[in-house]
Ligand code: ARG
């Protein structure tokens, strides 16, 4: 599938998702998780289903990982691994509540025959790694500061053979790279500068002079936690200004409501891992 939307071109993607059947907020490992706020589990499943439908309607493939009881955050499938060029750098979760999620992800990737590199360093997959295949010949952006540890960036570079640019996150509300920055096509990003250290902001401004910059309201509404195929940008429905900025830049925003999964500290991108052959 290749469709042209203004000057933007969509590329067919393969994604990995995991149903929120067992989703709940049972512990608090990021500032968004509040044990006192009730979660509507049925609504979570319904909203997640609409997100999956939106990706299928755009012509993409969606693989499913079987959810496991006792792993309420497993719905955030982006955290289980980081794939580039058919190779997989496995996750090693920071918090013990999530460590058991790494094994089913590993089994999934090994079952597909992709080269799997087991991590020695703490990293949360696509939560803290983004890939831009057409930027500088293929560039990995990596976050650290809250979850993924700096040595994992070097380990990922060795595992994947692509240059890794380290970016320091400084605001606990943006505890993963993917809540502060999203790839909107193969060479460009949208991001919220305030989530990064001053030096990392400088690095991003140098590498991505044409980036779409989000304001704090859209960033706090999880607007940057987006999934793009290069033309269609699936993003949280509450990030209305960012949607307007993306439209003005020639992209087609596809808003989805994920009110329940946001109570766990994630929106669109957290629920969607990309499998990059
Ligand atoms: N409750 C999960 C955690 O704190 C949310 C993970 C969100 N995923 C993401 N890719 N940012 O680990």
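Numbering (the numbering used here), first residue to last: 110 to 386.
C-beta: ideal position from N, C-alpha, C; glycine also.
These numbers come from a predicted model, not from an experiment.
What is the C-beta distance between residue i and residue j, in whole angstroms, given that I count them as a contact (C-beta under 8 Å)?
i	j	result
residue 320	residue 313	7 Å
residue 287	residue 378	5 Å
residue 370	residue 153	6 Å
residue 304	residue 317	Contact flag wrong, Cβ pair sits at about 15 Å.
residue 273	residue 262	5 Å
residue 51	residue 139	No answer is possible for residue 51: it lies beyond the span of the chain, which begins at 110 and ends at 386.
With burial defined as no fewer than 16 other Cβ atoms inside 10 Å of the residue's Cβ, what is the status of residue i: buried or exposed?
i	result
residue 264	buried
residue 156	buried
residue 334	buried
residue 108	In the structure displayed, the chain extends from 110 to 386; residue 108 sits before or after that span and is not available.
residue 198	buried
residue 341	buried
residue 210	buried
residue 356	exposed
residue 228	buried
residue 245	exposed
residue 182	buried
residue 159	exposed
residue 110	Summary for residue 110: the model assigns pLDDT 48, below 50, so the residue's position carries little reliability, and this model does not support an answer.
residue 281	exposed
residue 325	exposed
residue 200	buried
residue 212	exposed
residue 299	buried
residue 294	buried
residue 323	buried
residue 327	buried
residue 170	exposed
When you compare only the Cα positions, how much space is there between residue i and residue j?
i	j	result
residue 120	residue 242	12 Å
residue 164	residue 187	15 Å
residue 144	residue 208	20 Å
residue 255	residue 205	15 Å
residue 337	residue 172	17 Å
residue 384	residue 224	12 Å
residue 127	residue 118	27 Å
residue 124	residue 260	27 Å
residue 292	residue 129	24 Å
residue 380	residue 141	16 Å
residue 330	residue 367	11 Å
residue 203	residue 257	7 Å
residue 250	residue 310	13 Å
residue 354	residue 269	33 Å
residue 150	residue 332	22 Å
residue 382	residue 359	24 Å
residue 343	residue 363	4 Å
residue 113	residue 252	Unreliable positioning characterises residue 113 in this predicted model, as indicated by a pLDDT of 47, which lies under 50. The coordinate reading is nonetheless provided below. Roughly 32 Å separates the two Cα atoms.
residue 166	residue 365	13 Å
residue 185	residue 376	9 Å
residue 289	residue 302	8 Å
residue 271	residue 217	23 Å
residue 220	residue 214	10 Å
residue 285	residue 275	13 Å
residue 162	residue 239	23 Å
residue 178	residue 315	45 Å
residue 267	residue 297	24 Å
Run through the DSSP bridge pairs and tell me what residue i is partnered with.
i	result
residue 337	342
residue 240	249
residue 127	174
residue 369	In DSSP, residue 369 forms no bridge with anything.
residue 273	249
residue 140	DSSP lists no partner for residue 140.
residue 224	196
residue 146	Residue 146 is not bridged to any residue.
residue 361	341
residue 291	299
residue 191	198
residue 180	For residue 180, which the question treats as bridged, DSSP gives no partner whatsoever.
residue 278	305
Strictly under 8 Å for the Cβ-Cβ distance: is residue i near chain D by that measure?
i	result
residue 343	Here there is only one protein chain, and chain D is not present.
**Message:** With three or more beta-carbon pairs closer than 8 Å as the criterion, would you say the stretch 227 to 236 touches the stretch 185 to 201?
**Reply:** yes
**Asked** Hey, is the stretch 128 to 144 in contact with the stretch 348 to 355, meaning 3+ C-beta pairs nearer than 8 Å?
**Response** no
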